[in-house]
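Q:
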Amino acid sequence: LNRTWFDQLVAYELSNGMIQVKSQTLPQLNFLQMQCQQPFTAAAQSATGRLVSVLFHCDNIPRGGVFSEGNIAVPLNPDYAFDTFIVGPCNRLAHAASVAVSEQPGKAYNPLFIHGGVGLGKTHLLQATCQKLLERNPDAQIMYLSCDSFINQFMTAVEAGQMNEFRYRYRQVDVLVIDDIHFLGGRERSQEEFFHTFNTLYQQHKQIILSADCPPSEIPELEDRLVSRFNWGLVARVDKPCYETRVAILRRKARMRGVEITDDVLCYLAGKIENNTRELEGAITKLQGLSLLQSGLIDIELAKGAFGDTEAPEQKRITIQQILDSVTRFYGVRLSDLQSKKRNKSIAFPRQVCMFLARKHTRYSLEEIGGYFGGRDHTTVLHAVRTVDGDMKADHEILRQVGQIDQELIGT
């Protein structure tokens, strides 16, 4: 639970069996109330030897805030601030754009569209932007929620005949932040409603911030008019952190947790864990737990014992050529057939499997994958991915076939 901002907390004298603890900001208060009630109460009772309770409060609660539905406040994580975000080549543009938006909402980049894989810092940037916006304007009304939540609220409003209330709620905010907007794909009625909400906010110069796991043009079944609008502002990608950035992230995470880790351990972990920030933070947590259990220091021997024999399958670099080799061998087709214009099923389906596996195991864009198969466009690749995914769910034999090729690739 150790956080650097704990030093900012102010505890008052014990009175009537209660100790009041004052926080400096609303995000700190929300974090304390949700995560710290039990450990703070236990510590207070241990220190006083009495049955006491702890009450958290904040004197400067603004009229504005970050909400997910109506007046339900979103508990932003105070650790997700700009000054705790490690900037590297993988995320420099997304970070700079987020800072610019927090300083000039509705003017700098509108909308701001951030995309990238899981655990690469999208949520950190979204919450840091919200916190900075509130810091600059405590009365700002910010709606921050997932795309699933937006869709569910929309469906509930339709069923209850409360569309006027729904529209007012979303169209009078100062900032709209929606995470995982790619889930809007294929939802025709939700897309229609979001289209009009987007237009209303944009025309009023209200800031719109969206995040997804892919760029707008690669969201399946997203209407062209929404793709166009999502590209109006800035589309910024976050990638996997490079080695130097991973070392810096590990160092910062360890410092925030009050954990002492030597540079050789940090470098070792950065070399072992390449996928995302979330896994790096998990490594710090694991080593911290092991050191407490063994009552020892976190040294290179402890780190190697914890991670020396483990390597996530995602760390294996699988190439499109390896995928082509495995698929042609499994289905008995020629590479030239897969890259040809032939559309008979005996050729088309193995080609679709290649595209599906390339999308799963490589970082190539849909356009780049299509280029390996006779210059096909991104919509053809999207169709292939969805076809194979659907066939695997409906046909156990296809599931077995693709699974067998997949296991061969992972084991290569």
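Numbering-wise, the sequence shown is residues 8 to 419 according to the working numbering.
Beta carbons are placed, not taken as given, at the ideal position from N, Cα and C, and that holds for glycine.
Bear in mind the structure is a predicted one, so any value in this text is a computation, not a measurement.
Just the Cα atoms here: how many angstroms apart are Gly-278 and Asp-270?
A: If you take the alpha carbons of Gly-278 and Asp-270, they lie about 12 Å apart.
Q: Can you tell which of Glu-166, Gln-408, Gln-111 has its C-alpha closest to the C-alpha of Phe-363?
A: Closest option to Phe-363, Cα to Cα, is Gln-408.
Q: Starting from Cys-65, trace the beta strand (DSSP E) in both directions and tell me its first and last residue.
A: Cys-65 -> beta strand (DSSP E) spans 60 to 65.
Q: Helix, strand or coil for Ile-330 per DSSP?
A: DSSP places Ile-330 in helix when its eight states are reduced to three.
Q: Helix, strand or coil for Ser-372 per DSSP?
A: The answer is coil: DSSP assigns Ser-372 none of H, G, I, E or B.
Q: Can you pull the DSSP bridge partners for Lys-29?
A: In the DSSP output, where bridge partners are listed per residue, Lys-29 has Val-17, His-64.
Q: Using the Cα positions of Leu-297 and Gly-56, report the straight-line distance between them to the nearest angstrom.
A: The straight-line gap from Cα to Cα measures roughly 30 Å.
Q: Between the Cα of Met-234 and the Cα atoms of Phe-202, Glu-415, Lys-213, Asp-14, which residue gives the shortest distance?
A: It is Val, not Met, that sits at residue 234 in the sequence shown. Ranking Phe-202, Glu-415, Lys-213, Asp-14 by Cα distance to Val-234 puts Phe-202 first.
Q: Using DSSP's beta-bridge definition, name the partner residues of Ser-22.
A: The partner list for Ser-22 (beta bridge, DSSP) reads Met-25.
Q: Taking Ser-388 as the reference, give the member of Lys-367, Met-399, Ala-401 with the closest Cα.
A: Reading off the sequence, residue 388 comes out as Val, not Ser. With distances taken between Cα atoms, Val-388 lies closest to Lys-367.
Q: Once you ignore the five residues that flank Asp-316 on each side, which residues in its own chain have a CB closer than 6 Å to its CB?
A: Residue placement at Asp-316 cannot be trusted, given a pLDDT of 46 that sits under 50; what the coordinates show is reported in the next sentence. So no residue of the chain qualifies.
Q: How big is the Cα-Cα spacing for Asn-98 and Arg-336?
A: The alpha-carbon atoms of Asn-98 and Arg-336 are separated by roughly 39 Å.
Q: Closest to Asn-84 by CA distance: which of Cys-221, Glu-225, Cys-43 is it?
A: Per the Cα distances, Cys-43.
Q: Within 8 Å, do at least three Cβ pairs link the segment 281 to 299 to the segment 325 to 332?
A: Segments in contact, no.
Q: Does the Cβ of Asn-171 have 16 or more other Cβ atoms within 10 Å, making it buried, or fewer, making it exposed?
A: By the 10 Å Cβ count, Asn-171 comes out exposed.
Q: Report the rounded CA-to-CA distance for Pro-145 versus Met-399, giving the unit in angstroms.
A: Taking the straight line joining both Cα atoms gives about 50 Å.
Q: If I measure Cβ to Cβ from Asp-384 and keep anything under 6 Å in the same chain, skipping five residues before and after, which residues do I get?
A: Cβ within range, chain order: Gly-377.
Q: For His-102 and Leu-132, what's the separation of their Cα atoms in angstroms?
A: In a straight line, the C-alpha of His-102 is about 7 Å away from that of Leu-132.
Q: Based on Cα-Cα distance, which residue from Glu-308, Leu-273, Tyr-250 lies nearest to Lys-260?
A: Cα-wise, what sits closest to Lys-260 is Leu-273.
Q: Report back the beta-carbon spacing between Leu-100 and Ala-243 to the nearest angstrom; my notes put them in contact at under 8 Å.
A: With 8 Å as the limit, Leu-100 and Ala-243 qualify as a contact, their Cβ atoms being about 5 Å apart.
Q: My parser needs the alpha helix (DSSP H) runs of 4 or more residues fully inside the segment 122 to 151; what are they?
A: Counting whole runs of 4 or more residues, the segment 122 to 151 contains the alpha helix (DSSP H) stretches 129 to 143.
Q: With the cut-off set at 7 Å, would you say Pro-118 and Gly-240 are in Cβ contact?
A: Taking 7 Å as the Cβ cut-off, Pro-118 and Gly-240 qualify as a contacting pair.
Q: Does the beta-carbon distance from Asp-181 to Lys-213 come in below 7 Å?
A: Yes, Cβ-Cβ distance for Asp-181 and Lys-213 is below 7 Å.
Q: In the DSSP output, which residue or residues are listed as bridge partners for Arg-176?
A: Arg-176 pairs with nothing; no bridge assigned.
Q: Taking the alpha carbon of His-189 as the point to measure from, which residue in Ser-156, Leu-21, Met-162, Gly-397 has its own alpha carbon closest?
A: Minimum Cα distance to His-189 is reached at Ser-156.
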